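A short worksheet on the structure shown next.
Protein chains: 2
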Amino acid sequence: MNPIQIALLGAGTVASGVVKVLERNQEELRRRAGRGIEVAAVAARNPEKAREALGQDLPITQDFMQLATRSDIDIVVELMGGISPARELVLAAIAAGKHVVTANKALIALHGNEIFAAAQARGVMVAFEAAVAGGIPIIKALREGLAANRIEWVAGIINGTTNFILSEMRDKGASFETVLGEAQRLGYAEADPSFDIEGIDAAHKITILCAIAFGVPVQFDKAYIEGIAKLDAADIRYAELLGYRIKLLGITRRTPAGIELRVHPTLIPATRLVANVEGAMNAVVVQGDAVGATLYYGKGAGPEPTASSVIADLVDVTRLHTADPEQRVPHLAFQPGALADTPILPIEQVQTAYYLRIRVRDEAGVLAEITHILAEGGMSIDALLQRPSGESDQHTDVILLTHETIESRMNQALASIQALDTVLAPIVRLRKEELR
Amino acid sequence: MNPIQIALLGAGTVASGVVKVLERNQEELRRRAGRGIEVAAVAARNPEKAREALGQDLPITQDFMQLATRSDIDIVVELMGGISPARELVLAAIAAGKHVVTANKALIALHGNEIFAAAQARGVMVAFEAAVAGGIPIIKALREGLAANRIEWVAGIINGTTNFILSEMRDKGASFETVLGEAQRLGYAEADPSFDIEGIDAAHKITILCAIAFGVPVQFDKAYIEGIAKLDAADIRYAELLGYRIKLLGITRRTPAGIELRVHPTLIPATRLVANVEGAMNAVVVQGDAVGATLYYGKGAGPEPTASSVIADLVDVTRLHTADPEQRVPHLAFQPGALADTPILPIEQVQTAYYLRIRVRDEAGVLAEITHILAEGGMSIDALLQRPSGESDQHTDVILLTHETIESRMNQALASIQALDTVLAPIVRLRKEELR
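Chains A and B, in that order, give the protein sequences.
According to full-length UniProt numbering, the residues represented by the first sequence are 1 to 436, in order.
According to full-length UniProt numbering, the residues represented by the second sequence are 1 to 436, in order.
Structure below.
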């Protein structure tokens, strides 16, 4: 059988990983897919640089649109990143009847609904395993491997940069700024790291996982996003004393009121396997009603891990494109006509437990005032630590773990506590999840 | 579209899990698969008991063969276990053009080649996700999610009973016999636990993973199998002191000389995520050349976790049976014509590192003799502990970790050491893997 012809849009590090792995494993891939997978051509803005990165033999063009719609191409592989012109090119490829493979999490999280509708209408496949958690086949696990389950929640360490920073902060007791600088020197963080550390990258990914877990459209604009830039090493230490680790988690959960979709630093019990995922590694925990919790762990970034997922998608398309499009694995795991309009809850309606650090004047009755306010709001306390602030012997840090409550209630209580004249600094509030 | 009609062969605990989850999640499954999945009938030896277990409404027959080949059935689900009559029924179903889903690891490990050849010739699918690691979608991950990779090795905790026993032995410092009794009381071990504790169950599973990792036929008869019954709590303790945990691992690895396929108690570094998989949980680590190490964790047994995998296979067949059988995901991950005849290495040719515990007379020169014999055989020592035996102050236990060597060399050296008259008891030899 003729080799499948693919076009690469983009010639960056992921593209060079894809070319390298396709080349190195071509024999193995032919044995798996039943036919070869051949890069017909690459579109790149700078053909000189592309040739250096990908090798001299590949035909390179600067005309992205022409390549994305060329008649001899079976699958268009979009590796450019960003929204425009990636979106226009993907839509044009679909209109031209091409299958599409993309690693572009922002594109899928923001424009997935439009893209999947176009693909469904045209009967082509759009695959995006590489968009979430790099080399970990989590999309396939959720969409196919766990298809028997009513998914209850998904929680993941899905940004390697922030996990590296948090791991180092804990290991070395260092500040966020110090570790960020180190991560930048080591290449784990970009020169402008805001996309990672503000949680936006993780939010793109959990938005996609939310859609395929619960059968709802992708709704990035409804995600609650809080990054790690304001995290204090002291809180990592206190969490540790209480038996918890702090991780930047993407969380999505089905509740009777609607779906939670959120990214924020989260305390999780140190004994959980996922709490022990260190450095730049990623891991996703999925809770299904039949299987219970399953966990998926691996490299979440890097040219070859990302290429691993891109090429798995290429093999999938090669194996499955002849199946009836009406029945074939649906893009968002659920049939397009069967997506639900379950609302995504605003963060104020989310129910979770909390870690609070409150700097108070060290005098009698302060703790009673605080616990009284919490109790009045119906919030109960799970654990309590009191520690000298280290700044003045008239200041004390009160650290509280609460049981679960609704965020809006916690906000009210915190406003009242903050207004006490014995409270001397802005309250630190983190969310806590038991993940069970 | 009409619901897919399935026949269940067998009415045990897994069947009841399948019926329960199909019923509970029927709406969700229809949204995923695009059509319903309906149990048309169940074959059971004892219809009374089956009705009690599965509910009164299901049509139940005692004629397994008639049901396996009945014209209205789309998919036959074999949940009987054992080789005969499961093998005959599966082959008859295939001959009648039925797709087959099975949870039967022994059947696939021993007769997979025959079954897949028949299925390929008839153009039907045979799916067996539930045969390995219960609810963890590891077959799908290896066969599809990691398809880009040249797989280097797979190592898994794939038997929950033995992992529960080893976890308890470590936690409580208790003996194998004590913990086995406890596991039997708790229902984690069967009344006759030999299949689990002797490593046969794990060997069935690693045989299947070996085939789909490397594209070779299933070859259970070539697997090296060593269980945990002879494991001493002292060795778990010594391993711990050296920074290792002992797990019963199924291991399969590609080497230049051939493929390793083995099950035995194994020392692994305590810092590895997989070393922290406790109790009856399962986990599989896969090393691919592009993605690096990925890990898959979850429940390896139980009615609903197993049903999760069985039903995922049902959804897969529903989604994909219309694809061209020549290209569709191949049963063993590689095209049937592309399976390799790479030899499976006998254990004597396996290369690994070792843990040795040697009880010696406590006198000058004994250690020199032992290390001399190892050095003569080209084996170098990585770490050494010496401990009073606890039995006599004239006895000492010498604990050694060696670097990697060929097992046949180690056998020769151990024979020489055992023959020393300063060596007072049978040498304990365990294998050690760094998993990197």
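C-beta: ideal position from N, C-alpha, C; glycine also.
What you are looking at is a predicted structure, and each value in this text was computed from that prediction instead of being measured.
Chain-ordered neighbours of residue i on chain A, where CB pairs are closer than 7 Å
{"i": "residue 299(B)", "result": "291, 292"}
{"i": "residue 136(B)", "result": "294"}
{"i": "residue 329(B)", "result": "319"}
{"i": "residue 98(B)", "result": "Those do not exist, as residue 98(B) stays about 18 Å from chain A at its closest Cβ, beyond 7 Å."}
{"i": "residue 31(B)", "result": "215, 334, 335, 338"}
{"i": "residue 316(B)", "result": "144"}
Amino acids of chain B, ordered along the chain, whose beta-carbon sits closer than 8 Å to that of residue i
{"i": "residue 305(A)", "result": "290, 291, 292"}
{"i": "residue 14(A)", "result": "The premise fails here: residue 14(A) is roughly 12 Å from chain B at the closest Cβ pair, so nothing lies under 8 Å."}
{"i": "residue 308(A)", "result": "146, 148, 149, 288, 290, 291"}
Where residue i falls: helix, strand or coil (DSSP)
{"i": "residue 382(B)", "result": "strand"}
{"i": "residue 62(A)", "result": "coil"}
{"i": "residue 294(B)", "result": "strand"}
{"i": "residue 8(A)", "result": "strand"}
{"i": "residue 288(A)", "result": "strand"}
{"i": "residue 160(A)", "result": "helix"}
{"i": "residue 149(A)", "result": "coil"}
{"i": "residue 169(A)", "result": "helix"}
{"i": "residue 339(A)", "result": "coil"}
{"i": "residue 444(A)", "result": "With chain A covering only 1 through 436, there is no way to say anything about residue 444(A)."}
{"i": "residue 397(A)", "result": "strand"}
{"i": "residue 439(A)", "result": "The requested residue 439(A) is not part of the displayed model; chain A covers only 1 to 436."}
{"i": "residue 331(A)", "result": "coil"}
{"i": "residue 144(B)", "result": "helix"}
{"i": "residue 349(B)", "result": "helix"}
{"i": "residue 407(B)", "result": "helix"}
{"i": "residue 129(B)", "result": "helix"}
{"i": "residue 2(A)", "result": "coil"}
Chain A contact for residue i (CB, 8 Å cutoff)
{"i": "residue 320(B)", "result": "yes"}
{"i": "residue 437(B)", "result": "As displayed, chain B neither begins before 1 nor continues past 436, which places residue 437(B) out of reach and without an answer."}
{"i": "residue 101(B)", "result": "no"}
{"i": "residue 284(B)", "result": "no"}
{"i": "residue 194(B)", "result": "no"}
{"i": "residue 128(B)", "result": "no"}
{"i": "residue 167(B)", "result": "no"}
{"i": "residue 172(B)", "result": "no"}
{"i": "residue 273(B)", "result": "yes"}
CB-CB length for residue i against residue j, believed under 8 Å
{"i": "residue 307(B)", "j": "residue 18(B)", "result": "4 Å"}
{"i": "residue 352(B)", "j": "residue 431(B)", "result": "5 Å"}
{"i": "residue 5(B)", "j": "residue 73(B)", "result": "5 Å"}
{"i": "residue 297(A)", "j": "residue 277(A)", "result": "6 Å"}
{"i": "residue 223(B)", "j": "residue 261(B)", "result": "5 Å"}
{"i": "residue 26(A)", "j": "residue 10(A)", "result": "Wrong, their Cβ atoms sit about 21 Å apart, outside the cutoff."}
{"i": "residue 438(A)", "j": "residue 85(A)", "result": "No information on residue 438(A) is available, as it lies outside the stretch 1 to 436 that chain A covers here."}
{"i": "residue 164(A)", "j": "residue 183(A)", "result": "6 Å"}
{"i": "residue 345(B)", "j": "residue 258(B)", "result": "4 Å"}
{"i": "residue 231(A)", "j": "residue 251(A)", "result": "Actually they do not touch by this definition, with Cβ atoms about 17 Å apart."}
Under 9 Å from the C-beta of residue i: neighbouring residues of chain A
{"i": "residue 209(B)", "result": "Near residue 209(B) there are no residues of chain A at all, since even the closest Cβ is about 15 Å away, more than 9 Å."}
{"i": "residue 311(B)", "result": "147, 148, 149, 290"}
{"i": "residue 140(B)", "result": "137, 140, 141, 144, 145"}
{"i": "residue 323(B)", "result": "319, 320, 321, 322, 323, 324, 328"}
Proximity test, Cβ basis, 8 Å: residue i and chain B
{"i": "residue 62(A)", "result": "no"}
{"i": "residue 34(A)", "result": "yes"}
{"i": "residue 21(A)", "result": "yes"}
{"i": "residue 2(A)", "result": "no"}
{"i": "residue 25(A)", "result": "yes"}
Where residue i meets chain B, residues with beta-carbon distance less than 7 Å
{"i": "residue 28(A)", "result": "150"}
{"i": "residue 326(A)", "result": "34"}
- Task: Taking a Cβ distance cut-off of 8 Å, strictly less, list which residues of the stretch 143 to 162 of chain B are near chain A, in chain order.
- Result: Against chain A - using a Cβ distance shorter than 8 Å - the residues of the stretch 143 to 162 of chain B are 144, 145, 146, 147, 148, 149, 150.
- Which residues, in order along the UniProt domain "ACT" (355 to 431) of chain B, keep a beta-carbon less than 8 Å from a beta-carbon of chain A? Under the 8 Å Cβ criterion, the UniProt domain "ACT" (355 to 431) of chain B contributes no residue.
- Item | Positions along the stretch 250 to 280 of chain B whose CB lies within less than 8 Å of some CB in chain A | Cβ contacts with chain A: 273, 276, 277.
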